[in-house]
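Q:
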Amino acid sequence: MQLRLDDEDRQVALGECLGRALQGRGRVHLSGELGAGKTTLARGVLRAYGHQGAVKSPTYTLVEPYELSLDGEPVTLHHFDLYRLGDPEELEFIGGRDLLAEGHLCLVEWAERGEGWLTPPDLEVALSHAETEGREARISAATTLGEALLTRLEDEVSRDQRLAGGKA
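Following UniProt numbering, the numbering of the sequence shown begins with 1 at its first residue and continues without gaps.
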């Protein structure tokens, strides 16, 4: 799936669609150069679960947990930023195996820095600067669950008026 995101509002809208499609579970790897919009997309995912506070990239803490809810049920989302990770083994020291366990909802920025330690994500979102302005998002499934999530995401995007006409 490819989308053109002309502005920050559309990036957040895609994040909200992604959050609804995830339904409180799954692992999503977010890739892209600095400033590509990974944290902006994460903010949209968090908004889908009712979070209205600030969302900052957990660059120095590596992970930021959020206690959220979906249809009255508790959901914990772990937002990782591995940009400053010196060695993938550092994830072991912060309890990464438990935080990234199946059944949890995880967003991982700079996942390539955890290569060899992280298991494959359900979805991969690659963000890049568009040739003119805005961003482009390429979203692909890497697991069977990811394929189902991608189908739900496509449905969510098709219903979201803010993203109308954004298919690349």
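Built from N, CA and C at the ideal position, the CB exists for glycine as well.
Look up A126 in the DSSP assignment and give the residues it is bridged to.
A: Here residue 126 corresponds to residue number 126 of the sequence shown, with the count starting at 1. Bridge partners of A126: S31 and R138.
Q: Flag this pair as yes or no: are the beta carbons of R162 and A13 separated by less than 8 Å?
A: Taking the first residue of the sequence shown as 1, we reach residue 162 at position 162. Taking the first residue of the sequence shown as 1, we reach residue 13 at position 13. Yes, the pair counts as a contact, with Cβ atoms nearer than the cut-off.
Q: Mapping the DSSP letters down to three states, classify D81 as helix, strand or coil.
A: Against the sequence shown, residue 81 aligns to sequence position 81. Correct three-state label for D81: strand.
Q: What does T76 pair with, by DSSP beta-bridge criteria?
A: Numbered from its first residue, the sequence shown carries residue 76 at position 76. E67.
Q: Taking one C-beta from the region 72-82 and one from the region 48-59 each time, how about it: are there three or more such pairs within less than 8 Å?
A: Yes, the region 72-82 touches the region 48-59.
Q: By the three-class DSSP mapping on this structure, what secondary structure does R25 have?
A: Residue mapping note: residue 25 aligns to position 25 of the sequence shown, counting from 1. DSSP places R25 in coil when its eight states are reduced to three.
Q: My understanding is that L145 touches D122, with C-beta atoms under 8 Å, so please give their C-beta distance in whole angstroms.
A: Here residue 145 refers to the residue found at position 145 of the sequence shown. Here residue 122 refers to the residue found at position 122 of the sequence shown. Confirmed, Cβ separation roughly 5 Å.
Q: Determine, using beta-carbon pairs with one atom in the region 20-29 and one in the region 115-131, whether at least three such pairs fall under 8 Å.
A: These segments touch.
Q: In the DSSP assignment, find the unbroken beta strand (DSSP E) run with R47 in it and report its ends.
A: Counting from 1 along the sequence shown, the entry for residue 47 is found at position 47. No beta strand (DSSP E) contains R47, which is instead part of the alpha helix (DSSP H) from K38 to A48.
Q: Considering just the uninterrupted stretch of the alpha helix (DSSP H) at R159, what are its terminal residues?
A: What you label residue 159 is simply residue 159 of the sequence shown in a count that begins at 1. R159 -> alpha helix (DSSP H) spans T144 to R159.
Q: State the CB to CB distance for the pair V45 and L107, rounded to an integer number of angstroms; the pair is presumed to be in contact (CB under 8 Å).
A: By 1-based counting over the sequence shown, the position of residue 45 is 45. By 1-based counting over the sequence shown, the position of residue 107 is 107. Right, the Cβ-Cβ distance comes to about 6 Å (below 8 Å), so this counts as a contact.
Q: Is V12 helix, strand or coil when you go by DSSP?
A: For the purposes of this step, residue 12 is identified with residue 12 of the sequence shown, where counting begins at 1. It is helical.
Q: Using 8 Å for Cβ pairs, my map puts Y83 next to W117. What's the rounded Cβ distance?
A: Numbered from 1 along the sequence shown, position 83 holds the residue referred to as residue 83. Numbered from 1 along the sequence shown, position 117 holds the residue referred to as residue 117. That belief does not hold up - the Cβ atoms of Y83 and W117 are roughly 15 Å apart, past 8 Å.
Q: Can you tell which of A21, G19 and S31 has its C-alpha closest to the C-alpha of R135?
A: Position 135 of the sequence shown holds residue 135. Ranking A21, G19 and S31 by Cα distance to R135 puts S31 first.
Q: Name the two residues that bound the continuous beta strand (DSSP E) containing L105.
A: Position 105 of the sequence shown holds residue 105. L105 to E109 is the span of the beta strand (DSSP E), which, as asked, contains L105.
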